[in-house]
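Take the working numbering: the last position of the sequence shown gets the number 224, and nothing is skipped along the way.
All C-beta atoms in this analysis are idealised placements derived from N, C-alpha and C, irrespective of residue type, glycine included.
Source: prediction; values computed, not measured.
Down below is the structure, laid out as structure tokens.
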Amino acid sequence: MADIARDDDELEIASPPRFRMGERVVSRSVIRNDGTYNGKDIGAVLVNKGEVGFVTSIGTFLQQFYIYAVEFVDSGHRVGMRAKELCTLDHLPDDVLAQLGDKAAQLTSLR
């Protein structure tokens, strides 16, 4: 049996979830099928870096981490992801919005 990578010092579920239901998020990396996505070969790309999706449900894994089910509009895939693999588009901090300047207005068109 394969070892499951655990960050033993991190108990993510001790805090509220980082994302909310319906929140727009963007993938921070390419996500490939690890064998848990039916109908696709292992290693097939499910989500590209920068792809926009919506959180559709929130669960837990190993009583330690939140898993966010994200529906990605472009690919049509619904994928379970950890918070570290996602970035919000709806609740960016003011300092990030300031750095984006005029580009921050373009975020509203990413639907």
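| Asked | Found |
| --- | --- |
| Unbroken beta strand (DSSP E) runs of length 3 or more, entirely within the stretch 142 to 193: which are they? | 158 to 160, 165 to 174, 178 to 185 |
| Sorted by chain position, which residues of the same chain lie with C-beta nearer than 7 Å to Gly163's C-beta, five sequence neighbours on each side aside? | Val139, Ser140 |
| Note down the Cα distance separating Ala157 from Ile144, rounded to an integer number of angstroms. | 9 Å |
| Given a threshold of 16 other Cβ atoms within 10 Å of its Cβ, counted over all protein chains shown, does Arg133 qualify as buried or as exposed? | exposed |
| Going straight from the alpha carbon of Ser170 to that of Pro130, what length do you get? | 11 Å |
| How many whole angstroms separate the CB atoms of Asn146 and Ile155, which I take to be in contact at a CB cut-off of 8 Å? | 6 Å |
| Report the option in Ile180, Glu125, Asp203 whose CA atom is closest to the CA atom of Val165. | Asp203 |
| Shortest alpha-carbon distance to Glu184 belongs to which of Ser128, Ser142, Gly193? | Gly193 |
| Just the Cα atoms here: how many angstroms apart are Gln177 and Ala196? | 12 Å |
| Which residue comes first and which comes last in the beta strand (DSSP E) that contains Ser140? | 137 to 140 |
| Return the chain-ordered list of same chain residues with a C-beta closer than 7 Å to the C-beta of Thr173, the five sequence neighbours on each side being excluded. | Ile126, Tyr179, Ile180 |
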